[in-house]
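Before any comments, here is the structure.
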Amino acid sequence: MVMFGFFKEKFNNLKEVVSNTAQNLVGNVVNAVGQEEEFSEFVLDDMEDTLISADLGVGYAAELVDNLRNQDKIKPAQVKDYLKTEFLKTLNEAGSNVLNFENGLNIYFITGVNGVGKTTLIGKLAYKFKNEGKKVLIAAGDTFRAAAEEQLDIWSKRAGADIVRRDKADPASVVFEAIDKAKAEGYDVILVDTAGRLQNKFNLMEELKKIKSVIDKKAPESLRECMLVLDANTGQNGLQQAKVFSEAVNLTSVALTKLDGSAKGAIVLAVAREMKLPVKLVGVGEKMEDLKTFNSDEFIEAIFQ
Ligand SMILES: Nc1nc2c(ncn2[C@@H]2O[C@H](COP(=O)(O)OP(=O)(O)OP(=O)(O)O)[C@@H](O)[C@H]2O)c(=O)[nH]1
Ligand SMILES: [Mg+2]
1 MVMFGFFKEK
11 FNNLKEVVSN
21 TAQNLVGNVV
31 NAVGQEEEFS
41 EFVLDDMEDT
51 LISADLGVGY
61 AAELVDNLRN
71 QDKIKPAQVK
81 DYLKTEFLKT
91 LNEAGSNVLN
101 FENGLNIYFI
111 TGVNGVGKTT
121 LIGKLAYKFK
131 NEGKKVLIAA
141 GDTFRAAAEE
151 QLDIWSKRAG
161 ADIVRRDKAD
171 PASVVFEAID
181 KAKAEGYDVI
191 LVDTAGRLQN
201 KFNLMEELKK
211 IKSVIDKKAP
221 ESLRECMLVL
231 DANTGQNGLQ
241 QAKVFSEAVN
251 LTSVALTKLD
261 GSAKGAIVLA
271 VAREMKLPVK
281 LVGVGEKMED
291 LKTFNSDEFI
301 EAIFQ
């Protein structure tokens, strides 16, 4: 069946994409613990260190290890099943992985620190929505960085999407204009690009709040996702970023980029546990097609291959 073939191909690719994460997070724990008879303090310490060095986060690693202390139902030989169950629970508790979409206008507000892959993600998303037959408008809300608008212009042409850009204008006014245009011309999607760096973090957060308040005023019913883009290689720093952005703009989900080759994919689990934010999209390369929708079951199967 065609559908099955597609699924299978995607699944094999995901296994490759997360193979370094799988080794770090699962392989190393099983190697360190699996042969032991009991969960002695020595074994538990070793397990905790291994989980922390896989970028799972200190709190989460401690919790997973504490559950194994003073119990005798789970033996070291079952550590793989134990982690699999716990990880899946964490991901499920963070919410649905399905990208929100409804009939009418859908606005995706894309945020994140500089260089994580926001603009590339917008190019990929524009391409995905265009392939689904949607009418797509990109709002060039990064008017700070030199060449940012040109970069977005190239992506919009590649994807066959339209763009609203106003050289060096106030980003909030660009988004204001994009919403007017989208409503007047019946667009299905607006993708809002934003700056990753301004003069300082305070200014960046103020600017993001201002853009968000334009959406909240003009089209509150259309804001479908307030998404944080995280680079998979930043590991635990990503968590700190998530907290700062979450306070400013009330995030709904995460896109994890550069998962290709990364050994730090455990950040998916750390963000799910600490922030209760689901990962919805994954970037696996620099090309327009290198975007995957994230699925918790598939991810868990791939890292526990
Ligand atoms: N390998 C890989 N590279 C990626 C991925 N996504 C983005 N990149 C690369 O990361 C670099 C930065 O991407 P941008 O999209 O410009 O990042 P940005 O967040 O918009 O950066 P600023 O506009 O400076 O804040 C580029 O060289 C991209 O090609 C990915 O999923 N995998
Ligand atoms: Mg950018």
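By our numbering, the letter at position 114 of the sequence shown is numbered 114, and the numbering carries on one by one without gaps. Cβ coordinates follow ideal geometry from the N, Cα and C atoms, glycine included.
Pull the bridge partners of residue i from the DSSP assignment, please.
i           : result
residue 253 : 227
residue 116 : Note: residue 116 sits in no beta bridge, so no partner.
residue 260 : According to DSSP, which records beta bridges pairwise, residue 260 is partnered with nothing at all.
residue 109 : 192, 226
residue 293 : 281
residue 126 : According to DSSP, residue 126 bridges with nothing at all.
residue 164 : 139
Could you check the C-alpha separation between residue i and residue j for me, to the nearest Å?
i           : j           : result
residue 101 : residue 33  : 44 Å
residue 181 : residue 169 : 17 Å
residue 258 : residue 127 : 18 Å
residue 125 : residue 91  : 23 Å
residue 240 : residue 31  : 30 Å
residue 192 : residue 47  : 42 Å
residue 144 : residue 197 : 8 Å
residue 261 : residue 116 : 15 Å
residue 77  : residue 27  : 13 Å
residue 277 : residue 140 : 26 Å
residue 151 : residue 64  : 44 Å
residue 221 : residue 106 : 9 Å
residue 249 : residue 146 : 25 Å
residue 290 : residue 227 : 18 Å
residue 71  : residue 29  : 19 Å
residue 288 : residue 184 : 28 Å
residue 38  : residue 253 : 39 Å
residue 13  : residue 285 : 12 Å
residue 177 : residue 23  : 48 Å
residue 199 : residue 148 : 16 Å
residue 205 : residue 245 : 7 Å
residue 53  : residue 25  : 8 Å
residue 300 : residue 173 : 42 Å
residue 49  : residue 123 : 39 Å
residue 223 : residue 75  : 47 Å
Let me confirm a value: residue i is counted as buried when at least 16 other C-beta atoms fall within 10 Å, else exposed. Which label applies?
i           : result
residue 207 : buried
residue 104 : exposed
residue 120 : buried
residue 69  : exposed
residue 203 : exposed
residue 45  : exposed
residue 212 : buried
residue 40  : exposed
residue 85  : exposed
residue 67  : exposed
residue 296 : buried
residue 373 : This structure cannot speak to residue 373, because the chain is shown only from 1 to 305.
residue 42  : exposed
residue 154 : exposed
residue 2   : Interpretation of residue 2 is limited by its pLDDT of 39, a score under 50 that renders its predicted location unreliable; the figure taken from the coordinates is listed afterwards. That one is exposed.
residue 35  : exposed
residue 142 : buried
residue 216 : exposed
residue 157 : exposed
residue 55  : buried
residue 132 : exposed
residue 167 : exposed
residue 98  : exposed
residue 89  : exposed
residue 73  : exposed
residue 292 : buried
residue 283 : buried
Could you tell me how far apart the beta carbons of residue i and residue j are, in whole angstroms, since I believe they sit closer than 8 Å?
i           : j           : result
residue 57  : residue 274 : 7 Å
residue 270 : residue 305 : Not confirmed; about 21 Å, so no contact.
residue 209 : residue 21  : Wrong, their Cβ atoms sit about 34 Å apart, outside the cutoff.
residue 15  : residue 302 : 5 Å
residue 188 : residue 134 : 4 Å
residue 267 : residue 281 : Actually they are not in contact, since the Cβ atoms of residue 267 and residue 281 sit about 14 Å apart, beyond 8 Å.
residue 137 : residue 161 : 7 Å
residue 164 : residue 214 : With a Cβ gap of about 13 Å, residue 164 and residue 214 do not count as contacting.
residue 308 : residue 272 : Outside the displayed span of the chain (1 to 305) sits residue 308, for which this structure offers no information.
residue 194 : residue 118 : 7 Å
residue 109 : residue 298 : Incorrect: roughly 26 Å between the Cβ atoms, too far for contact.
residue 230 : residue 238 : 4 Å
Pocket of ligand 2 (residues with CB nearer than 7 Å to any heavy atom), chain order: 118, 119, 142, 145, 148, 151, 193, 196
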